[in-house]
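Single-structure report; data block below.
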């Protein structure tokens, strides 16, 4: 994605002694520089706004290639809904389904560790999940992998709903 741009336009920062000592192509060094810059300048205090901008920029220019895992992980850890909404907005449905399934699995893992302490600990963005499922259902070109993830997502939601019903009936008992 960045290779053609990076080869033609070697910006000043890319030519500094520190950066030129890094192995790899201009594109590899650019990704590394972005990661270091985001680590240094972006955090929960900035609401990860630069990480969000980086994700949207990547999705704008190349929807076919997934964003770097380190970028996705930062958003999945702190702003999973944003990650899902952004990929849904750019119609990268397979990734959207993956991120949604991951969100549900993480919530279920927390629930499996012990009974919820309050109602908000069982909360999930069900309206957003419904939007993801509706978008995937309406996509006639959804890949076979996407269809498998969608089916798993439906199963996860069904299982979670059953677990929530069981928890509401027996609030002090742990469920498996």
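Numbering (UniProt numbering), first residue to last: 1 to 176.
The beta carbon of each residue, even a glycine, is placed where N, CA and C say it ideally should be.
{"Item": "Collapsed DSSP secondary structure at residue 82 in the structure displayed", "Value": "helix"}
{"Item": "Contacting residues, own chain, Cβ-Cβ under 8 angstroms from residue 70 (five flanking each side not counted)", "Value": "35"}
{"Item": "Proximity winner among 168, 109, 47, relative to residue 74 (alpha-carbon distances)", "Value": "47"}
{"Item": "Distance between residue 115 and residue 60 (C-alpha atoms, nearest Å)", "Value": "41 angstroms"}
{"Item": "Inter-stretch contact (C-beta, 8 angstroms, three-pair minimum) for the region 103 to 119 and the region 133 to 146", "Value": "no"}
{"Item": "Runs of alpha helix (DSSP H) lying entirely within the UniProt domain \"NUP160 C-terminal TPR\" (7 to 141), each at least 4 residues, in chain order", "Value": "17 to 20, 26 to 41, 49 to 61, 69 to 78, 80 to 89, 93 to 113, 126 to 138"}
{"Item": "Distance, residue 162 Cα to residue 169 Cα", "Value": "11 angstroms"}
{"Item": "Residue 143 (DSSP reduced to helix, strand or coil)", "Value": "coil"}
{"Item": "Exposure label - residue 54; buried when at least 16 CB within 10 Å", "Value": "buried"}
{"Item": "From 91, 100, 98, residue whose alpha carbon lies closest to that of residue 141", "Value": "91"}
{"Item": "Neighbour-count burial assignment, residue 44, 16 or more Cβ in a 10 Å radius", "Value": "exposed"}
{"Item": "Alpha carbon of residue 144 to alpha carbon of residue 153, nearest angstrom", "Value": "14 angstroms"}
{"Item": "Neighbour-count burial assignment, residue 72, 16 or more Cβ in a 10 Å radius", "Value": "buried"}
{"Item": "Residue from 138, 139, 146, 101 whose Cα sits closest to the Cα of residue 125", "Value": "101"}
{"Item": "Beta carbon of residue 129 nearer than 8 angstroms to that of residue 149", "Value": "no"}
{"Item": "Residue 40 CB to nearest heavy atom of the ligand ADP below 7 angstroms", "Value": "Absent from the structure shown: the ligand ADP. Ligands present: none."}
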